[in-house]
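Here my numbering is used: the first residue of the sequence shown is 300, the next is one more, and so on.
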Amino acid sequence: MHRLGFVLKRPKKHFLKADDAKRGAFVAAYAALLIEARRLGAKIFFADEAHFRADADLRGKWVLKGEPALVDSTSPRWGEKTSYYSAVCLETGEVEIMELQGYSNAETSTAFLKQLRDKHAGPLNVIWDNAPAHHGDALRAYLTTPGLRLRLVSLPGYSPDFNAAEAIWDWAREEAEGELVLGHQSCSAGKVGTLLRPVGLPHRGGQATVPDRLAGPSRGALQRRSSQFLSHRPCRFHFGFGLEPLTQ
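See the structure below:
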């Protein structure tokens with residue numbers, strides 16, 4: 300297979316339910332958002348949650364030919380996991396991380412938005428998916444706060460490749476889970492926390508930033524397509540993807 304030009308890759312899901320028209324409309328809206336953010340001095344954060352389970356995440360293992368590729372497992376309960384929120388700003392490289400106790404919901408999502416708002420001056424745009432935890436009374440009430448200057452933007456359905464925060468979780472799963480036997484939630488939290496500490500704690504002038512090894516992977520399909528969009532046509536401000544103008 301190598302002689303024919305093939306390489307071995309771990310596949311990613313190709314979401315057949317993704318709507319190409321909606322994804323294309325979002326690319327245009329994101330391009331307009333970038334221009335608006337530069338004009339207003341606003342930041343754009345991509346946000347997401349991730350769960351790290353205590354059992355091994357089987358990815359691949361080098362073994363001698365003819366030997367079985369086995370990984371020890373204590374068969375921890377499905378609920379043995381640790382969870383986090385993360386948000387990354389591609390323009391500045393800034394990262395915010397918040398450990399999640401229990402399940403995500405409107406209240407925990409609101410707490411994370413408050414963390415973002417408290418730590419970053421100026422207008423904020425937060426792009427995330429349409430998960431149930433990203434809706435609810437607590438969020439709606441928070442968004443009515445006078446002078447909040449925070450806008451939520453929902454990604455089109457079945458488009459995790461548009462979320463730059465996914466790169467942080469892909470890397471963390473590769474490093475933390477891999478073929479390790481974490482055993483229970485406390486082990487999982489300890490391992491993942493050790494990995495995320497240099498990412499999520501302030502440094503480089505007081506603010507956490509994306510490590511160099513994650514900067515490239517964080518810029519995915521959405522950034523490539525928006526760059527192509529802007530290079531081929533002038534981008535007028537249009538917020539047809541459910542966006543409202545963000546004022547200072």
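Even for Gly, the Cβ is constructed at its ideal location relative to N, Cα and C.
Every value quoted in this text rests on a predicted model; they were computed, and no experiment measured them.
Should the segment 311-330 be regarded as contacting the segment 446-462, the criterion being three or more beta carbon pairs within less than 8 Å?
-> Short answer: they touch.
According to the Cβ coordinates, are Ser403 and Ser382 closer than 9 Å?
-> In the sequence shown, the residue the question calls residue 403 occupies position 104. In the sequence shown, the residue the question calls residue 382 occupies position 83. In this structure, Ser382 lies closer than 9 Å to Ser403 by Cβ.
8 Å Cβ shell around Ala463 - same chain, five flanking residues per side excluded = The sequence position of residue 463 within the sequence shown is 164, counting from 1. Closer than 8 Å at Cβ, skipping near neighbours: Phe345, Val387, Leu389, Ser517, Arg518, Gly519, Leu521 and Gln522.
In whole angstroms, what separates the C-alpha of His419 from that of Pro310?
-> What you label residue 419 is simply residue 120 of the sequence shown in a count that begins at 1. What you label residue 310 is simply residue 11 of the sequence shown in a count that begins at 1. Here the alpha carbon of His419 sits roughly 36 Å from the alpha carbon of Pro310.
Buried or exposed by the 16-neighbour rule on C-beta atoms within 10 Å, applied to Pro431 | Within the sequence shown, residue 431 is the residue found at index 132, counting from 1. Per the 10 Å Cβ criterion, exposed.
Would you report the Cα separation of Tyr282 and Arg448, rounded to the nearest angstrom?
-> Absent from the model: residue 282. The displayed extent of the chain is 300 to 547, so no value can be given.
Using three-state DSSP, classify Phe528 as helix, strand or coil.
-> Counted from its first residue, the sequence shown places residue 528 at position 229. Correct three-state label for Phe528: helix.
Roughly how many angstroms separate the alpha carbons of Gln315 and Lys321, rounded to a whole number?
-> Residue 315 sits at position 16 when you count from the first residue of the sequence shown. Residue 321 sits at position 22 when you count from the first residue of the sequence shown. It should be noted that the sequence gives Leu, not Gln, for residue 315. Cα to Cα, the separation comes out at about 13 Å.
How about Asp347 and Asp428: do their beta carbons lie closer than 9 Å?
-> Here residue 347 refers to the residue found at position 48 of the sequence shown. Here residue 428 refers to the residue found at position 129 of the sequence shown. Result yes, Cβ atoms of Asp347 and Asp428 sit closer than 9 Å.
Give the DSSP bridge partners of Val425, in chain order.
-> Locating residue 425 in the sequence shown gives position 126, counting from the first residue. DSSP lists Phe344 and Leu451 as partners of Val425.
Could you tell me whether the Cβ atoms of Phe351 and Ala471 are closer together than 9 Å?
-> Along the sequence shown, read from residue 1 onward, the residue named residue 351 stands at position 52. Along the sequence shown, read from residue 1 onward, the residue named residue 471 stands at position 172. Contact: yes.
Answer yes or no: do Ala405 and His433 have a C-beta to C-beta separation smaller than 9 Å?
-> Looking up residue 405 in the sequence shown gives position 106. Looking up residue 433 in the sequence shown gives position 134. Cβ distance < 9 Å, so Ala405 and His433 count as in contact.
If we count the other Cβ atoms within 10 Å of its Cβ and call it buried at 16 or more, is Leu500 buried or exposed?
-> Looking up residue 500 in the sequence shown gives position 201. Confidence at Leu500 is low in this model, with a pLDDT of 44, below 50, so its placement is unreliable and the value that follows should be read with caution. Exposed: under 16 other Cβ atoms inside 10 Å.
Using only alpha-carbon positions, find the residue among Ser525, Asp319 and Arg338 that is nearest to Gly421.
-> For the purposes of this step, residue 421 is taken as residue 122 along the sequence shown, with counting starting at 1. Gly421 has its Cα closest to that of Arg338, out of Ser525, Asp319 and Arg338.
So Val394 is in the beta strand (DSSP E); what residue range does that whole segment cover?
-> If you number the sequence shown from 1, residue 394 lands on position 95. Counting along the chain, the beta strand (DSSP E) containing Val394 begins and ends at Val394 to Leu399.
Below 7 Å CB to CB, which residues in the same chain sit around Ser485 once its five sequence neighbours on both sides are set aside?
-> To locate residue 485, count along the sequence shown from 1; it is residue 186. With a pLDDT of 48 at Ser485, under the threshold of 50, the modelled position of that residue is not reliable, and the figure given next carries that caveat. Same-chain partners within the cutoff: there are none.
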